[in-house]
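Please read the structure below before turning to the comments.
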Amino acid sequence: MKRYIAGRLLYTFVILFLVSILVFILARLLPGDPIQAAAMINMDLANQEIIQDLRIRFGLDRPLYVQYVIWLRDFISGDWGVSLGSGEAVFDMFFKRLPVTLELFAGSVFWSCLIGFPLGILSALRRNTWLDAMVTATAITGVSIPVFWEGIVLIYLFSVVFHWLPAAGFVPFAESPLGNFTSLLMPSFVMGTHGAGLFARYIRSSLLEVLGQDYIRTARAKGLSEKAVLIGHAAKPAMIPVVTVVGLAWGYVVAGSFIVEYMFAIPGLGRMGVDAVFLRDFPVIQATLIMTAVNVLLVNLLVDLIYGCLDPRIRIQ
Amino acid sequence: MKPESTEKLLEVRNLCTHFHTRAGLIRAVEDVSFELAQGETLGIVGESGCGKSVSALSLMRLIPNPPGRIMKGEIWFEGRDLLKLSEGEMGRVRGNRMAMIFQEPMTSLNPVLTIGRQVAEPLEIHQAARPDKAQILCGELLERVRIPGGRKRVKDYPHQFSGGMRQRAMIAMALACTPRLLIADEPTTALDVTIQAQLLELMKNLTRDCGTSLILITHNLGIVARYADRVNVMYAGRIVEKARARDLYSRPRHPYTVGLMASVPRLDQDVKCKLRPIQGQPPDLLQLPGGCAFQPRCGRPIEICRIQSPLLTVASENHEVACWNPADYPKEIGGEHALTS
Amino acid sequence: MAIFQRNTKVKPALCRTGALAVSAALLRHKSAGAGMAIIWMLLVMALFAPWLSPHDPNEQDLYHVLQGPSRAHLLGTDDVGRDLLSRVLYGARISLIVGLLSTLTATVIGVFLGLVAGYKGGLIDGFIMRLTDTVMCIPGLILLLVMAAALGPGIHNIIIAISALGWTVFARITRGQVLMVRELPYVEAARAAGASGWRIMFQHLLPNSMAPLIVASSITVGGAIMLESAAAFLGLGVQPPTPSWGEALRVGYSYLEIVPLFSLAPGLMITLAVLAFNFLGDGLRDVLDPRLRGEGDKIK
Ligand SMILES: Nc1ncnc2c1ncn2[C@@H]1O[C@H](COP(=O)(O)OP(=O)(O)OP(=O)(O)O)[C@@H](O)[C@H]1O
Ligand SMILES: [Mg+2]
Chain A
1 MKRYIAGRLL
11 YTFVILFLVS
21 ILVFILARLL
31 PGDPIQAAAM
41 INMDLANQEI
51 IQDLRIRFGL
61 DRPLYVQYVI
71 WLRDFISGDW
81 GVSLGSGEAV
91 FDMFFKRLPV
101 TLELFAGSVF
111 WSCLIGFPLG
121 ILSALRRNTW
131 LDAMVTATAI
141 TGVSIPVFWE
151 GIVLIYLFSV
161 VFHWLPAAGF
171 VPFAESPLGN
181 FTSLLMPSFV
191 MGTHGAGLFA
201 RYIRSSLLEV
211 LGQDYIRTAR
221 AKGLSEKAVL
231 IGHAAKPAMI
241 PVVTVVGLAW
251 GYVVAGSFIV
261 EYMFAIPGLG
271 RMGVDAVFLR
281 DFPVIQATLI
291 MTAVNVLLVN
301 LLVDLIYGCL
311 DPRIRIQ
Chain B
318 MKPESTEKLL
328 EVRNLCTHFH
338 TRAGLIRAVE
348 DVSFELAQGE
358 TLGIVGESGC
368 GKSVSALSLM
378 RLIPNPPGRI
388 MKGEIWFEGR
398 DLLKLSEGEM
408 GRVRGNRMAM
418 IFQEPMTSLN
428 PVLTIGRQVA
438 EPLEIHQAAR
448 PDKAQILCGE
458 LLERVRIPGG
468 RKRVKDYPHQ
478 FSGGMRQRAM
488 IAMALACTPR
498 LLIADEPTTA
508 LDVTIQAQLL
518 ELMKNLTRDC
528 GTSLILITHN
538 LGIVARYADR
548 VNVMYAGRIV
558 EKARARDLYS
568 RPRHPYTVGL
578 MASVPRLDQD
588 VKCKLRPIQG
598 QPPDLLQLPG
608 GCAFQPRCGR
618 PIEICRIQSP
628 LLTVASENHE
638 VACWNPADYP
648 KEIGGEHALT
658 S
Chain C
659 MAIFQRNTKV
669 KPALCRTGAL
679 AVSAALLRHK
689 SAGAGMAIIW
699 MLLVMALFAP
709 WLSPHDPNEQ
719 DLYHVLQGPS
729 RAHLLGTDDV
739 GRDLLSRVLY
749 GARISLIVGL
759 LSTLTATVIG
769 VFLGLVAGYK
779 GGLIDGFIMR
789 LTDTVMCIPG
799 LILLLVMAAA
809 LGPGIHNIII
819 AISALGWTVF
829 ARITRGQVLM
839 VRELPYVEAA
849 RAAGASGWRI
859 MFQHLLPNSM
869 APLIVASSIT
879 VGGAIMLESA
889 AAFLGLGVQP
899 PTPSWGEALR
909 VGYSYLEIVP
919 LFSLAPGLMI
929 TLAVLAFNFL
939 GDGLRDVLDP
949 RLRGEGDKIK
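Chains as they are written, first to last, in this note's numbering: chain A, 1 to 317; chain B, 318 to 658; chain C, 659 to 958.
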């Protein structure tokens, strides 16, 4: 188990390192260097001398790898630069918006499980019936439906036609718990749809696979009822591989948050990233890319560790 | 129609189990009848795919449905017809009065549950043992099946056990409630020869101690000769020969049985005499030939074999055979088994 | 002393199934059949848009903006009075072009890198595989947005950006197949005998890798269409006068209360397109590669 954990940690750090290089290169690909980008937004800087001065101050005249090392050092020490749009420190911006997005993440995971688990179990138990076919079609639809289209349909139905839910906007929990709840209901549902579809499909095939195993026959041969076999012997081995689906689905949840926060005007990290892209706000883009990768990698690391804990074949070596 | 004799533990009458697959109907077990007395050991032999496992699973009513179904027949066990029991009543028979050990020790234990939990479970279900008490009993059971340090291994997981140890754990699980009937479906096929012998010996001793009857399914005629009192030979879903083990060995009547004997090395046999595998392919249950199923591979077919399937008939005392032209003794059998060439 | 040989009946491999047999099987597969029908419909829309459209998609009519469905405009008009139905029909072009072209380039890049990784092994393999991991750990949409910002808007740049994200799946599949084929005895023997392994490897690689690659391509087309419209929805897609579903969705979204069809109709088309390719991919997987199905009803 120790070796397993060490392996996963090492892997995560290697990929993080590569991500930082990739982001660094991507940032240099943006049209103009950061100072010029800043100048485009902030006209006061449009003086060539000042620009040259700034270039030297930011080390942009040095060789690329030196720039990379300086940049990485600054980033790790929490100096993520200053937003070219608002002039705020990117680090502060990030952590101010983080709770909003986390709340949205939690909501979407909740929806994914609430819908995906029962559907998957049901279709496995009613395999090859019309119900199974319906669930499978629903699951593929859930995986395929574009976030923005689903969002528009829901807004049209629940806000425009029925006036039940707000079309956009965010209410902090401290201000009004109920308002907070209703303002996140639709966005989190939309973000959770993809995961729900994935869960349903994986749970179905995982459960079917397990139910066909020899050890399920052994359990039946002991005289256990069908229900006891399902709960006591099939559930655990069937659910362990499903943990990995969380890692698979997470990328979609994160990507979904960018569009959803934009559509529903939610002041979270996704919205911050989209705005930064519009403005070419290059420090914010960089931070967004890196922290997104950190987020995805951390969740995947967690998934691997949980998987290792649940599966005795990995836990006890 | 309840059988009168009380010493009979099990009586199977006209059992038919079919599989309705996309490719067609498979009559995996067709019109099988046999009986078993208290404490007796019955061997079932036959080629792969002849329906041995399906017969055993039918007794336990564990045929996967769909695609399989027990079409007709009666299974009288301890005075009740198992096929008439409700699912709940059947649950109280399985693992309690009648237990089964499977062919594949590597996959028959749940990889994510401890050995203790799995072995003790029958006690918890059928004898309402409390979990902590069951774990202690389970340790004793593991010792009884000679798992080294049994008590300490209750908390282990299957992957920490070797194949032989897993099969021992399976035996412990099956015998936990001292069932009246133990069905062992090729319990040792996947294991190496020394462990095979140890396990069979262990099973024999344990069942004898408890007075448990045993159905021993195997490919291996040597095992049958050694451990079984009586033998059913199966071919293509039917029993083709039924006899006491000794009689079957000394005087096989069905050409198929004769062929089986000829393909096994025997100690009392001349070294020069070559082993002869049975010719031809095992039958395809989807397309059985008309008449006797064995006729295409038979060394001594006669006219009627192609037309009509033979029924089991008494050939001598305690010896039944389903063949139109069975081998005769003693004149045809010499030093060589001449029937299959 | 086991006396019988185990009955090892092997089903004939599906590798030689002709294209005809595959399409027949696909038609019988319910969801794949539906997927194919939708894809045909999209192709017809894209190819025959000029003949099917009741109006010029770029003809503005500022006297009739934001109208609901009428006899003249079956789906109504947009914010500058263009006929929505015509724009939706023409919009199939952009989506299909982006979907197919970027998948094609992604496949070429991915298969090439996968071949190199699997065949060379060692450091190069490690580098390429870690590169795929790196690209995969940032969600495609976010990388796409950044790249669109870096390269500027326009259909070419969108295709370049999507290809640059999509190759990873194909690289992984190809590498896996190469590693498998390498282990085959005759390939090893040929390599040991000094023959270039490439030729013999290709001979075995192709039939083995086709099924998973085709399945992945189909799903990637859907993904690419989704990414393109997402970028367009955020205003980073094709340049304005070109009819595009994502772009229409973006503008129509602001008028959701007045003319819902303005955004609902193009959105439905995007969903149908993505769904169709996913259904097709699903069906292809069932038909080409039954091993991947993971059904519990195998014979025990
Ligand atoms: N789940 C199933 N679905 C369809 N057919 C089945 C199923 N299980 C068994 N069969 C068929 O029933 C026949 C008998 O199978 P069975 O498992 O009883 O053979 P066996 O004698 O136990 O062989 P082995 O020595 O290989 O265990 C086989 O021809 C097989 O094709
Ligand atoms: Mg068997």
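Built from N, CA and C at the ideal position, the CB exists for glycine as well.
Fair warning: this is a prediction, and the values are worked out from it, not measured in the lab.
Residue pairing of residue 341(B) in beta bridges, as defined by DSSP: 338(B). The three-state reading of DSSP puts residue 360(B) in strand, counting E and B together. Between ligand 1 and the CB of residue 929(C), the shortest heavy atom gap is not smaller than 6 angstroms. Using a Cβ-Cβ distance cut-off of 8 angstroms, the segment 68-83 of chain A and the segment 141-161 of chain A are not in contact, since fewer than three pairs of beta carbons, one from each stretch, lie closer than that value. It is roughly 11 angstroms from the alpha-carbon of residue 633(B) to the alpha-carbon of residue 645(B). Annotation for residue 370(B): the continuous alpha helix (DSSP H) segment containing it runs 369-377.
At least one CB atom of chain C sits nearer than 7 angstroms to the CB of residue 149(A).
At least one C-beta of chain C is nearer than 7 angstroms to the C-beta of residue 156(A).
For the 7 angstroms CB-CB criterion, residue 627(B) and residue 615(B) do not form a contact. Apart from the 5 residues on each side of it in sequence, residue 115(A) sits with its Cβ closer than 6 angstroms to the Cβ of 196 in its chain, given in chain order.
Contact note: residue 419(B) reaches chain A through 214, 217, 218, 221, using a C-beta cutoff of 9 angstroms and chain order. Rounded to the nearest angstrom, the gap between the Cα atoms of residue 538(B) and residue 611(B) is 19 angstroms. Residue range 798-809 is occupied by the alpha helix (DSSP H) that includes residue 804(C). The beta-carbon of residue 72(A) is placed no less than 7 angstroms from the nearest beta-carbon of chain C. The beta carbon of residue 839(C) sits closer than 7 angstroms to those of 845, 859, 862, 863, 866, all from its chain and outside the five residues before and after it, given in chain order.
In summary, the residues of the segment 434-452 of chain B whose CB is separated from some CB of chain A by less than 7 angstroms are 438, 439, 442, 443, in the order they occur in the chain. A Cβ of chain A is located within less than 7 angstroms of the beta carbon of residue 411(B). Three or more beta-carbon pairs separated by less than 8 angstroms link the segment 491-502 of chain B to the segment 411-419 of chain B, which places the two stretches in contact.
Taking a C-beta cut-off of 9 angstroms against chain A, the contacting residues of the segment 456-490 of chain B are 473, 474, 475, 476, 477, 487, 490, listed in chain order. One thing to note: residue 299(A) has its Cβ no nearer than 7 angstroms to the Cβ of residue 187(A).
Against chain C, a Cβ distance below 7 angstroms from residue 251(A) picks out 797. For residue 304(A), no chain B residue has a C-beta closer than 7 angstroms to its own C-beta; the minimum C-beta separation is roughly 17 angstroms.
Interface criterion not met: the Cβ of residue 227(A) is under 7 angstroms from no Cβ in chain B. Taking a 10 Å sphere around the C-beta of residue 509(B), we find fewer than 16 other C-beta atoms and assign the residue as exposed. In this model, residue 720(C) and residue 740(C) are separated by some 8 angstroms (Cα to Cα). For residue 279(A), not one C-beta of chain C is nearer than 7 angstroms to its own C-beta. Contact annotation: residue 924(C) and residue 715(C) have beta-carbon atoms that are not nearer than 7 angstroms. Relative to ligand 1, the beta carbon of residue 595(B) is positioned no closer than 6 angstroms to any heavy atom. Residue 425(B) holds the alpha-carbon nearest to the alpha-carbon of residue 504(B) among 351(B), 329(B), 425(B). Take the alpha-carbon of residue 893(C) and the one of residue 910(C): they are about 12 angstroms apart. DSSP places residue 281(A) in the coil class of the three-state scheme, outside both helix and strand.
Between the segment 554-567 of chain B and the segment 285-305 of chain A, the count of C-beta pairs closer than 8 angstroms stays below three; the two stretches do not touch. When Cβ-Cβ separations below 7 angstroms define contact, residue 429(B) makes contact with chain A.
The beta-carbon of residue 811(C) is placed no less than 7 angstroms from the nearest beta-carbon of chain A. For residue 352(B), the three-state secondary structure derived from DSSP is strand.
The count of Cβ pairs closer than 8 angstroms, one atom from the segment 478-494 of chain B and one from the segment 509-520 of chain B, reaches three, so the stretches are in contact.
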